[in-house]
Amino acid sequence: CAHATCWSILRHYSERYSVHREYLTHDITMMAQQFDPGGLVPSKGLEISNAERVFQAAGTYPYVVTKIDANRPDPSFYRQLIAYVESGFPLFAAMHRREHAMAVVGCEWKASGAAVPGGLRYAWEELTALIAVDDNHLPYLPVAYSSVGLALPIRPRTSTR
1 CAHATCWSIL
11 RHYSERYSVH
21 REYLTHDITM
31 MAQQFDPGGL
41 VPSKGLEISN
51 AERVFQAAGT
61 YPYVVTKIDA
71 NRPDPSFYRQ
81 LIAYVESGFP
91 LFAAMHRREH
101 AMAVVGCEWK
111 ASGAAVPGGL
121 RYAWEELTAL
131 IAVDDNHLPY
141 LPVAYSSVGL
151 ALPIRPRTST
161 R
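The opening position of the sequence shown corresponds to residue 1 in my numbering, with each subsequent residue numbered one higher.
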């Protein structure tokens, strides 16, 4: 999962910015290790530190943001997450409990016709789902979030045509 996630993020950069070259999954596997790992098959997967090494080697200089407590809501974490996503940066999302990783690439917003309560509001409160590239599903999967921040895939919408 992490190999595919790193590849999809680096692919985005190579397509969007001419200063970034394209990387193959072989390149990602090699960049993830401090030393030449020798045989590349089968892969034992990547840890967060390996993914950081990949992005560092690719010149994207990763910044790791974690929730304070995985079992409690962390509003500052979500506010920062949405700021990066809305800025156009695909994010490497590690879900430790599921031992899985995916790229968060966008947002799905609530319908604009809904009544909005007064007072201070954050953009995060207006989301219905994050949009992810997950190697276990087709691209652009809506991913809901619970009050404690666990990511759970939801069923993609079907066309009404």
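The beta-carbon is built from N, C-alpha and C at its ideal position, and this holds for glycine as well. Computed from a predicted structure; not experimentally measured.
Could you have a look at Thr128 and say whether DSSP puts it in helix, strand or coil?
Three-state result, Thr128: strand.
What does DSSP give as the partner residue(s) for Met95 in the beta ladder?
Its beta-bridge partners are His100.
State buried or exposed for Val143, treating a residue as buried only when at least 16 other CB atoms are found within 10 Å of its CB.
That one is buried.
Assign Ser76 to one of two classes, buried (16 or more other C-beta atoms within 10 Å of its C-beta) or exposed (fewer than that).
With fewer than 16 other Cβ atoms within 10 Å, it is exposed.
Tell me the DSSP secondary structure of Ala58 in three-state form.
Note: Ala58 maps to coil in three-state DSSP.
Whose C-beta lies closer than 6 Å to the C-beta of His20 among residues of the same chain, with five residues either side of it excluded?
Correct list, in chain order: Tyr13, Ser14.
How would you call Ala70, buried or exposed, if buried means at least 16 neighbouring beta carbons within 10 angstroms?
Ala70 is exposed by the Cβ-count criterion.
Could one say the Cβ of Thr128 lies closer than 7 Å to chain C's Cβ atoms, at least one of them?
In the structure shown, chain C does not exist; there is a single protein chain.
Leaving aside the five residues before and after Cys107 along the sequence, list all residues of the same chain whose C-beta is less than 8 Å from its C-beta, in chain order.
The answer, listed in chain order, is Ile82, Val85, Glu86, Leu127, Ala129, Leu130, Ile131.
With the cut-off set at 7 Å, would you say Pro90 and Ile28 are in Cβ contact?
Contact flag unset, no.
Report buried or exposed for Tyr23, applying the criterion of at least 16 other Cβ atoms within 10 angstroms of its Cβ.
The residue is buried, with at least 16 neighbouring Cβ atoms inside 10 Å.
Thinking just about the alpha-carbon of each residue, which of Gly118, Asp135, Ala32, Ser112 is nearest to the one in Ala103?
Nearest of Gly118, Asp135, Ala32, Ser112 to Ala103, Cα basis: Asp135.
Checking 7 Å against the spacing of the C-beta atoms, do His100 and Cys1 come in under that value?
Yes. Within cutoff.
Cα separation between Ala111 and Gln34?
Approximately 47 Å, taken between the alpha carbons.
Is Trp7 buried or exposed, if buried means 16 or more other CB atoms sit within 10 Å of its CB?
With 16 or more other Cβ atoms within 10 Å, it is buried.
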